[in-house]
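Quick notes on the structure that follows.
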Amino acid sequence: MPELPDVECFKSYFQRTSLNKKIVKIEAPAKELIKKCKFEDFQRKLVGKKFKRVWRRGKFMIVEIEGLPEKLIFHFGMTGDLKYRRKDAPRTGEDRFSRLIFRFENGWELRWINIRKFGKVWLLKDPTEIPLIKKMGPEPLEFKKEEFLRLLKLHSQKNLKAFLLDQKDIAGIGNIYSDEILFQAKISPHRKIESLSKKEKEILFKKMRSVLKKAVPLLWTEFPKSWLIWHREDKICPQNKNHHLIREIIAGRAAIWCPKCQK
DNA sequence: GGTAATGTTAGACT
DNA sequence: TAGTCTAACATTAC
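At position 192 of the first sequence (counting the first as 1) the number is 446 in my numbering, and the numbers step up by one without a gap.
Here you go:
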């Protein structure tokens, strides 16, 4: 789930549920996912404190803590989620995938869920100690068209899908949204950047923004039916049900696309 | 039992 | 140097 719009959603969820509540206990059934910090130190530094502020950078969620120079940094991997609930709420199927649990004074708890253990958590004074954050490209909902064109020029030899996926080029876009953007821009994921016309570059910029922007406030189940995302399994093109979507490995990932609509 | 999964990274290769 | 490709990581669901 966790690409830019999804992490943005986690951020607002965290904001609504977990700020300004005293942490009374922390449990970590998968301590190895806490990086560069022993669990004992992690616990000692955070228990008794409150989360103060939260923001997002690329696919990372960063949390400021009251009275602590360190920030708590989450990466959700491929299967991350957050769940805020009462401590005594009935058990659910997700329970065994809760890798980190923050208990609050009010009797509620925040669970960081991670099915495959590809997510990671850090407690660092400077988020740029994480190499990927240090090298991270600009935020696609913040920069202007001129900046986008500059980035394209900088990587003119690169494959387009590889470019969209590379966090060092642009922050926050992953496999699902890169497919969606390319589908809506009607451009093949095989294209090399230098082959794009001026018009295609502009369409690409517009679609990148509109897809990400539209997705932020919506649940996945609310995405427009015209989106590719609904058809990753059935392989029916949402533009024309006679078109058959194909699945190919491009830039190391399974790309789903319509060879008839995307040129 | 095999395969694929919304991510990242290291190392080898062109 | 830039870009591509593969394997590896850990684990589940189909």
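Glycine is no exception: its CB is placed at the ideal position from the N, C-alpha and C atoms.
Considering just the uninterrupted stretch of the alpha helix (DSSP H) at residue i, what are its terminal residues?
i       : result
Ser-464 : 452-469
Val-261 : 258-272
Glu-502 : Unbroken run through Glu-502 is the beta strand (DSSP E), 500-504; no alpha helix (DSSP H).
Using only CA atoms, which one of the options lies nearest to residue i?
i       : options                            : result
Arg-310 : Asp-260, Gly-506, Trp-362, Lys-299 : Asp-260
Tyr-338 : Thr-346, Phe-397, Met-332          : Thr-346
Glu-428 : Lys-452, Val-465, His-409, Lys-440 : Note that residue 428 corresponds to Gly in the displayed sequence, not to Glu. Taking only the C-alpha atoms, the option nearest Gly-428 is Val-465.
Arg-353 : Phe-372, Pro-256, Lys-468, Lys-290 : Phe-372
Leu-414 : Phe-397, Pro-381, Leu-458, Glu-363 : Leu-458
Leu-258 : Arg-463, Thr-475, Phe-358          : Arg-463
Lys-313 : Gly-506, Glu-320, Gln-421          : Gln-421
Lys-440 : Glu-320, Lys-517, Glu-359, Ile-327 : Lys-517
Phe-358 : Leu-287, Asn-274, Ala-343          : Asn-274
Cys-228 : Gly-506, His-497, Leu-386          : Any answer about residue 228 is impossible in this case: the structure gives the chain only from 255 up to 517.
Ala-343 : Leu-364, Leu-326, Ile-327          : Leu-364
Leu-377 : Met-390, Met-315, Asp-349          : Met-315
Val-375 : Asp-295, Cys-291, Leu-482          : Cys-291
Kindly list the residues whose CB is nearer than 8 Å to the CB of residue i, restricted to its own chain and excluding five residues on each side of it in sequence; keep chain order.
i       : result
Pro-392 : Glu-401, Leu-405, Ile-424, Ala-425
Gln-411 : Lys-446, Ile-447, Glu-448
Ile-369 : Thr-333, Phe-351
Val-301 : Ile-277, Val-278, Lys-279, Ile-280
Lys-455 : Phe-402, Leu-403, Leu-406
Less than 7 Å between C-beta atoms, sequence neighbours within five positions excluded: which residues of the same chain meet that for residue i?
i       : result
Leu-322 : Lys-299, Lys-303
Leu-418 : Ile-424, Ile-427, Ser-432, Ile-435
Arg-340 : Gly-361, Trp-362
Glu-502 : Ala-509
Thr-382 : Lys-388
Where do the ends of the beta strand (DSSP E) carrying residue i lie?
i       : result
Phe-314 : 314-319
Phe-351 : Note, Phe-351: premise wrong, no beta strand (DSSP E); not H, not E.
Arg-507 : 507-511
Glu-281 : 277-281
Quick one: what's got a C-beta closer than 6 Å to residue i's C-beta in the same chain, skipping five residues either side?
i       : result
Leu-436 : Pro-443
Phe-330 : Pro-256, Gly-373
Thinking residue i and residue j are a contact (beta carbons under 8 Å), I'd like their distance in whole angstroms, please.
i       : j       : result
Lys-306 : Glu-324 : At roughly 12 Å, the Cβ-Cβ gap does not stay under 8 Å, so Lys-306 and Glu-324 are not in contact.
Phe-293 : Leu-336 : The Cβ separation is near 20 Å, so there is no contact.
task = Could I get the ranges of all uninterrupted alpha helix (DSSP H) runs contained in the region 379-441, with 4 residues as the minimum, in chain order?
result = 385-389, 399-408, 414-419, 429-439
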